[in-house]
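Data block below; observations after.
Residue numbers (the UniProt record's numbering): 1 to 587.
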C-alpha cells in the first residue's frame, strides 16, 4: 500500500473547520472553493503517484557521502524536477517572485500531503519555503532580486543554519563569526550541525541562512545577525563552505543531515539579512512558519501510519471475533484493534484541524482582523507544532502495534514511519520549548485576551452540540464542556502564577498544559466537523462520510478527551514537586 492523500477529508476540514471559503473571499483570491478542490486533487495525485513510491527506496538507500558530495536516492532528482516543474514549490510565495500566491490554508494541505507521502522528501521544500519567507520579509531589494525568484521556482533550495556543537537549543551560545568586508558583504567563519539538506544533488545552488555574531556584538541572543551564504557565488565560483559530514540517524534516512564548515579557506562570503544584531527576529519569521509545517509533517506521517495499519488490519486474519460467522476473522473485527485504529484516526483528524486553524489565522492576519488574528496564530503555533508531532509519535507507535510482530519487521514499512516521526518532536524547537513558549509568551498575549477568545470559541462549539441534539453525538457535548472547564481553570492558574512572578509554579505544568490545550482544541475541531456533517444530513445529503465524522467526534470526546481532568490536576499541582527535596535528582 502506498500513501493516498485523504483529499475529501482535508477539503471538508478546510471548509467547515478552518473557513476556507471566507479566507478566499477575504483575500480576494482569484480561485474559488471548486478551484481549491481541484488543486488538492492534483496535489494528492502527485503525492501518491510520484513521491510516495520513493519513500522506501530513500529509506534503504540513505544519502551516501563522499568528498563533500551527497548523493540522493534513485528517482529523487527526477521527482524533485517534476515537483518544481509542477509549480508546487511556489504555492504560497508571492506572484511578484514567480509564486502562486495561494492562501496559507491551501499551502498547509499541500505540505501535509508531501510529508505524508514521503517525509524525507518533503523536508527539502519545507526548508526552502521558510527561507523564502524570511528573505521576502527582511532581505534587501538586491538580495531579493538575486535569489527569491530561483528559490520560489525551486531551482535553488534553502537551509537554516542555527545549531552548533556547543549550542543546541541555546542560541545565545553560538560562536560562528561574521566580519564586514567593506564591500557590503561579510566574511563568515564557523561550524554548524544538524543542517537539513545542507548538501545534496537536487539543485545547483543552496542558499544557507546562517546565524552569526559580529565583533563587539552584544552578548546573548541580542548580538546575533542573519546572513545569506550561498553555496555558489553570483560570479559562478564556489563559496568557502563545505559539508564536513553527515549524520547516521534513527530515521529520515533519505534526508541528508549535514555538518557544515564555513570559512576553511579564509571566510565564506555572505550578505546581511535585515539589521545587524537583529538576526533572531528575522530567523523567527522562518522558524514560526517552519513550526507550523513541522506540525503538518506530524499530521501527514500519522495519516500514512493510519492508512497502513487499516489496510493491514483488513487483510490480516487472526482469531475469531465475538459473533463472527467465520472461524478466523480479519483483525479489524476485534474490539481492541478497532480501538487502536479509531484512536489513530481521531488523533490525526484533531491534529489536522488544529494545524489548519493555525494556517487560517495566518491568512486572517492579512485581513480586517489584523493583530488579533496574528496573536491567535502565535497562540496556536506551538500547539500545532508540539501536539501534532507528539500525536505522530503515538499514532505511528500504534501503527506498529496493529501490525503485531510484522510491525517490528522493516518489511511492512510501519517501523519506518515510527522511526521517521521521532525527530518531529525534537527539531524546530523541542516540544518542551514549545510548551514553555506557549505558557510564558503566548498566554499573556493581549493580557490573556487572546487565549480567552480562543476558549470562548470552543465554548460556542459545545453550545452548538447541545443545540444540535443528534443522538449520534452521544455524550460529546458534556465531555467537551468538561474539557473546556479544565482548560479554563488551568489557564487562569498559569496566568495568575506568571502575573505574580512565580514561574516555578507555572513551568512544571507547561507540557501538560500544551497537551490539555491540544486535546480540547482538537475535540472542538472534530465537533465542528461533526456539526457540519449533521447539518448536511439534515439537509438531505446521504454521504456516509458525514455519519463517520459525527462518530469520530463522539469517540474523541468520550474516549480521549477525559484525560483533560487529569492534566488539569497535574498543572495545578505541578509546582509542588519543584521545591520538594524528596524529588531532587541525585548528584
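All C-beta atoms, glycine included, are put in the ideal place defined by N, C-alpha and C.
Query                                                                                                                                                                          : Result
Are there 16 or more other CB atoms within 10 angstroms of the CB of residue 428, so buried, or fewer, so exposed?                                                             : buried
Return the residue from the list 542, 404 and 396 that minimises the CA-CA distance to residue 419.                                                                            : 396
Sorted by chain position, which residues of the same chain lie with C-beta nearer than 7 Å to residue 138's C-beta, five sequence neighbours on each side aside?               : 273, 274, 282 and 285
Here's the rule I'm using: 16 or more other beta-carbon atoms within 10 Å means buried, otherwise exposed. How should residue 590 be labelled?                                 : The chain is shown only over 1 to 587; residue 590 falls outside these bounds and no answer can be derived.
Return helix, strand or coil for residue 587, following the three-state DSSP convention.                                                                                       : Low per-residue confidence applies at residue 587: pLDDT is 46, beneath 50, and the placement is therefore not dependable, though the value from the model is reported in the following sentence. Here residue 587 sits in coil by DSSP.
Given that a residue counts as buried once 16 or more other Cβ atoms are within 10 Å of its Cβ, and exposed if not, what is residue 69?                                        : exposed
According to the neighbour-count rule (16 or more other Cβ atoms, all chains shown, within 10 Å of its Cβ), is residue 408 buried or exposed?                                  : exposed
Return helix, strand or coil for residue 259, following the three-state DSSP convention.                                                                                       : strand
So, are the CB atoms of residue 75 and residue 54 less than 8 Å apart?                                                                                                         : yes
Using alpha carbons as the reference points, say which of 133, 530 and 119 lies closest to residue 470.                                                                        : 530
Residue 230 by DSSP, collapsed to three states: which one?                                                                                                                     : strand
Can you list, in chain order, the residues of its chain with a C-beta nearer than 6 Å to that of residue 280? Leave out the 5 residues immediately preceding and following it. : 221 and 224
In angstroms with no decimal places, state the Cα-to-Cα distance between residue 164 and residue 210.                                                                          : 11 Å
Counting contacts by CB-CB distance shorter than 8 Å, is residue 20 in contact with chain B?                                                                                   : Absent from the structure is chain B; it holds one protein chain and no more.
Per DSSP, what kind of secondary structure is residue 403 in: helix, strand or coil?                                                                                           : helix
Considering residue 76, what are the terminal residues of the alpha helix (DSSP H) in which it resides?                                                                        : 76-85
Tell me, please, whether the stretch 122-142 touches the stretch 305-314 by the rule of three or more beta-carbon pairs shorter than 8 Å.                                      : no
Is the distance from the Cβ of residue 23 to the Cβ of residue 363 below 8 Å?                                                                                                  : yes
Can you give me the Cβ contacts of residue 514 inside the same chain, cut-off strictly under 7 Å, excluding the 5 residues immediately before and after it?                    : 382, 383, 386, 387, 434, 435 and 438
Let me check understanding here. Comparing Cα to Cα, which of 66, 354, 348 and 184 lies closest to residue 17?                                                                 : 354
Taking residue 214 as the reference, which of 187, 194, 430 and 193 has the closest Cα?                                                                                        : 187
By DSSP, does residue 415 sit in helix, in strand, or in coil?                                                                                                                 : helix
If you scan the stretch 345-411 from start to end, which runs of the alpha helix (DSSP H) of 4 or more residues do you find wholly inside it?                                  : 371-403
Assuming residue 306 is part of the alpha helix (DSSP H), what are its boundary residues?                                                                                      : 279-315
Using 10 angstroms around the beta-carbon of residue 190, count the other beta-carbons present and answer buried if the total reaches 16, otherwise exposed.                   : buried
Identify the continuous beta strand (DSSP E) that holds residue 192 and give its terminal residues.                                                                            : 186-196
Evaluate residue 352 with the Cβ neighbour count: other Cβ atoms within 10 Å of its Cβ, from every protein chain shown; 16 or more gives buried, anything less gives exposed.  : buried
Would residue 486 be called buried (16 or more neighbouring beta carbons within 10 Å of its own) or exposed?                                                                   : buried
So, under 8 Å CB-CB, residue 348 and residue 303 are touching, yes? Tell me the CB distance rounded to an integer number of Å.                                                 : 5 Å
Just to confirm, are residue 565 and residue 495 a CB contact at a threshold of 8 Å?                                                                                           : no
Along the chain, where does the beta strand (DSSP E) that runs through residue 210 open and close?                                                                             : 206-214
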